[in-house]
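For reference, the structure discussed in these notes is given below.
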Amino acid sequence: MATKVVTRAVPDELHTSAVTDGFHIVVDALKLNGVETIFGVAGIPITDLARLAQAEGIRYIGFRHEQSAGNAAAIAGYLTQKPGICLTVSAPGFLNGLVALANATTNGFPMIQISGSSSRAIIDLQQGDYEELDQMNAAKPYTKAAFRVDRPEDIGIGLARAIRAAVSGRPGGVYLDLPGDVLAAALDANVAAESLVHVVDPAPRQIPAPESIDRALNLLASAQRPLIILGKGAAYAQADADIRSFIETTGIPYLPMSMAKGLLPDNHPQSAAAARSFVLAQADVVMLIGARLNWLLGHGKAPQWSSTARFIQVDISPTEFDSNRPIAAPIAGDICSALSILLTKLKPGSIRPGSAWLDAIAKRKQGNVERMAAHLNANPSPMDFYSALRAIRDVLAEHSDVYVVNEGANTLDFGRNIIDMRQPRKRLDSGTWGVMGIGMGYAVGAAVVSSEPVVAIEGDSAFGFSGMELETICRYDLPVVTVVFNNNGIYRGDDVNHSGGTDPSPTVLLKNARYEKLIEAFGGTGQYVTDPQSLAKAVTDALAARKPALINCIIDPRAGTESGHIQNLNPRSAITNSKN
Ligand code: OXT
Ligand code: ADP
Ligand code: MG
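So the sequence shown is numbered by this note's numbering: it starts at 51 and just counts up by one.
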């Protein structure tokens with residue numbers, strides 16, 4: 051027997067062709083625009099919306115916390131180039147999701163948070179409604195755009211505006227407010243049908259000016275020590291073949307930003323990832339493709355960079371140019387169009403990186419690879435980050451289709467450098483904000499939209515931010531393998547309480563926490579491992595089973611450093627003679 055869906059506003063038995071309601075219009079509008087999945091947390095006033103969407107064939111993935119639902123939607127948007135949809139309840143649920151929406155905006159992921167809200171009339175007079183909050187205005191500073199629909203006949207156009215805002219130009223997070231009374235309101239069915247909008251060409255190509263391409267190619271041709279930097283905008287653009295062709299035809303060394311790893315396989319001979327600081331400091335012409343000169347690139351300034359380096363930047367957002375450093379050759383346009391024209395105009399042999407440059411990079415790479423190999427080949431007990439990641443690296447080398455989610459501090463920094471990626475858009479991590487809490491949401495989002503397995507490599511602190519979503523992973527039986535790097539702490543587990551008291555230090559977590567038992571509570575497989583062989587076996591078995599699993603991987607609490615590789619960002623007191 052088919053399940054009966056009951057909507058309070060217009061129960062199915064009363065739902066005639068002459069009248070419909072806001073709930074149905076929202077679902078019709080989503081379906082018309084190809085939305086296949088909603089990530090959310092149900093409750094007043096959107097419970098019936100979630101039920102109806104599911105009944106109408108949209109997959110609904112319910113989470114334990116809106117932030118994870120939002121992170122799943124955001125990464126779904128990144129992977130599919132279609133806005134990921136997150137559905138939240140009013141006020142607190144909305145605010146829980148807003149962190150993920152802001153993170154999506156910061157990272158340039160297309161996402162729409164649709165939130166129910168309470169009565170406008172009561173909110174505006176601050177008369178104390180259930181879950182009262184002026185949500186649209188609260189969302190504005192953190193989003194690319196924020197809209198509210200105040201009449202059922204505007205739902206179609208409201209969603210259309212949200213879709214276009216999320217995916218056109220630089221993608222980002224968009225907020226769409228749906229007050230409960232708009233969802234419940236009745237509307238003539240014909241009027242409703244005519245109000246729906248199918249968004250045509252939501253992310254139109256933005257073709258760069260021909261002269262900007264010539265300027266860039268001329269500058270590259272003048273370079274002795276050229277360098278290409280690939281950012282996650284390049285990965286998002288899905289211009290994989292043209293990017294690879296441009297790099298291979300010109301012979302220019304390239305550096306992938308973290309989430310651009312795998313755009314070309316990490317073992318590509320032109321990768322300069324293992325000579326990072328050397329190429330940044332020495333390059334004379336740098337071509338940024340979908341990467342910003344933000345903190346992750348030292349703002350393009352000394353001491354990391356040469357003060358005489360000149361920059362080419364390919365970006366869809368012209369206001370990005372000159373944001374930190376003058377851009378000598380800006381190419382304003384979408385990366386697919388830009389790379390295609392660059393390739394067309396590229397004259398064979400016109401761009402030639404100097405052989406001294408390539409030799410110097412190779413030398414630097416070799417030194418770093420040897421240094422890394424010495425660490426990787428050691429087998430300390432307990433495991434450190436190197437030996438544990440080596441074990442995972444070797445397993446993943448046989449599974450290049452697996453998504454790798456990665457967060458933490460040391461777990462993130464070592465993971466980025468040790469785990470090679472071989473396919474584009476397979477590495478999903480803390481990104482532009484260096485945020486903790488994306489782990490389980492990204493894992494669910496990637497598994498749901500791709501049906502591929504995910505290995506989430508999580509610091510123990512990082513995991514805690516979204517750990518309850520293990521239940522979500524088990525409920526939907528997703529092929530997500532979570533590996534918790536358990537060193538009993540934020541950064542390290544050996545810090546002390548300087549008061550001499552019994553409370554743990556601010557960075558210390560519970561010793562010998564049995565994280566694997568969490569997933570057993572939900573029917574998943576838990577493993578406790580203390581050596582690389584057991585870790586490799588546990589990951590291999592879990593991937594083969596394609597079932598939810600958590601591996602509690604015991605790491606020496608003394609391994610790693612405070613803040614990982616970004617220790618320099620910890621503020622140091624200006625009082626040099628302080629006794630503390
Ligand atoms: O250039 P050189 O010659 O030096 O060589 C470089 C590379 O060329 C070379 N390399 C290689 N050599 C050989 N082989 C290979 N394959 C290779 N690959 C590279 O290695 C060196 C170094 O390379 P790298 O790392 O690329 O270079 P560098 O200079 O470090 O790069 C700079 C950066 C900035 C680009 C890079 O470091 C980077 O991307 N960093 C990201 C940092 C980041 O985002 N960190 C996360 C935030 S830290 C902190 O904020 C945390 N919090 C606070 C908190 C947050 N974030 N969020 C929220 C919501 N609340 C609170 C918390 C709570 S982290 C954290 C939890 C931490 O504890 P966990 O338990 O979770 O984690 P553990 O630390 O593991 O315990
Ligand atoms: P990373 O952290 O990897 O360096 P960023 O998120 O800082 O990457 O930068 C990505 C850049 O890519 C942004 O400036 C964004 O405007 C740009 N971008 C995103 N998508 C496209 C696209 N399709 N075409 C051109 N530029 C894009
Ligand atoms: Mg830790």
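The beta-carbon is built from N, C-alpha and C at its ideal position, and this holds for glycine as well.
Under 7 Å between C-beta atoms of residue i and residue j
{"i": "Ala609", "j": "Asp434", "result": "yes"}
{"i": "Cys524", "j": "Phe572", "result": "yes"}
{"i": "Cys136", "j": "Gly158", "result": "no"}
{"i": "Val249", "j": "Asn83", "result": "yes"}
{"i": "Val639", "j": "Gly312", "result": "Residue 639 lies beyond the residue range present for the chain, which begins at 51 and ends at 630; the question has no answer from this structure."}
{"i": "Gln185", "j": "Phe144", "result": "yes"}
{"i": "Val498", "j": "Phe513", "result": "no"}
{"i": "Trp483", "j": "Asn146", "result": "no"}
{"i": "Asp43", "j": "Ala410", "result": "The structure shown has nothing for residue 43, since the chain only spans 51 to 630."}
{"i": "Ser511", "j": "Ile540", "result": "yes"}
{"i": "Glu566", "j": "Leu593", "result": "no"}
{"i": "Pro315", "j": "Leu277", "result": "no"}
{"i": "Pro252", "j": "Arg214", "result": "yes"}
{"i": "Ile401", "j": "Leu269", "result": "no"}
{"i": "Ala412", "j": "Val455", "result": "no"}
{"i": "Val558", "j": "Val531", "result": "no"}
{"i": "Ala382", "j": "Pro258", "result": "yes"}
With 16 other Cβ atoms within 10 Å as the buried cut-off, status of residue i
{"i": "Ser431", "result": "exposed"}
{"i": "His548", "result": "exposed"}
{"i": "Thr394", "result": "exposed"}
{"i": "Val199", "result": "buried"}
{"i": "Glu420", "result": "exposed"}
{"i": "Ala171", "result": "exposed"}
{"i": "Asp553", "result": "exposed"}
{"i": "Gly550", "result": "exposed"}
{"i": "Asn602", "result": "buried"}
{"i": "Ala52", "result": "Unreliable positioning characterises Ala52 in this predicted model, as indicated by a pLDDT of 35, which lies under 50. A coordinate reading is not provided."}
{"i": "Leu619", "result": "exposed"}
{"i": "Arg475", "result": "buried"}
{"i": "Gln617", "result": "exposed"}
{"i": "Ser405", "result": "exposed"}
{"i": "Asp264", "result": "exposed"}
{"i": "Thr300", "result": "buried"}
{"i": "Lys132", "result": "buried"}
{"i": "Glu244", "result": "exposed"}
{"i": "Pro160", "result": "buried"}
{"i": "Leu560", "result": "exposed"}
{"i": "Gly178", "result": "exposed"}
{"i": "Gln416", "result": "exposed"}
{"i": "Arg622", "result": "exposed"}
DSSP-derived helix/strand/coil call for residue i
{"i": "Gly543", "result": "coil"}
{"i": "Pro380", "result": "strand"}
{"i": "Trp483", "result": "helix"}
{"i": "Pro276", "result": "strand"}
{"i": "Thr193", "result": "coil"}
{"i": "Pro430", "result": "coil"}
{"i": "Val445", "result": "helix"}
{"i": "Met186", "result": "helix"}
{"i": "Ser464", "result": "The question names Ser, yet the displayed sequence has Phe at residue 464. Of the three classes helix, strand and coil, the one that applies to Phe464 here is helix, per DSSP."}
{"i": "Ser356", "result": "coil"}
{"i": "Leu619", "result": "helix"}
{"i": "Glu116", "result": "helix"}
{"i": "Ser613", "result": "coil"}
{"i": "Ile362", "result": "strand"}
{"i": "Phe535", "result": "strand"}
{"i": "Ile223", "result": "Strictly speaking, residue 223 in this sequence is Gly, with Ile absent from that position. Correct three-state label for Gly223: strand."}
{"i": "Glu203", "result": "helix"}
{"i": "Thr138", "result": "strand"}
{"i": "Asp238", "result": "strand"}
{"i": "Gly680", "result": "In this structure the chain extends from 51 to 630, so residue 680 is not present and cannot be described."}
{"i": "Leu593", "result": "helix"}
{"i": "Pro607", "result": "coil"}
Supposed close pair residue i, residue j - CB separation, criterion 8 Å
{"i": "Gly491", "j": "Glu519", "result": "7 Å"}
{"i": "Ser367", "j": "Arg220", "result": "4 Å"}
{"i": "Gly632", "j": "Gly487", "result": "The requested residue 632 is not part of the displayed model; the chain covers only 51 to 630."}
Below-7 Å beta-carbon distance, residue i vs any chain B residue
{"i": "Leu246", "result": "Looking for chain B here will not work: only one protein chain is present."}
- Message: Could you tell me which whole beta strand (DSSP E) segments of length 3 or greater appear in the region 62–107?
- Response: 69–71 and 87–90
- Item | beta strand (DSSP E) runs contained entirely in the region 269–324, provided each spans 3 or more residues | 276–280 and 304–306
- Message: As an exercise, report each continuous alpha helix (DSSP H) stretch of at least 4 residues that is fully enclosed by the region 545–585, in chain order.
- Response: 566–570
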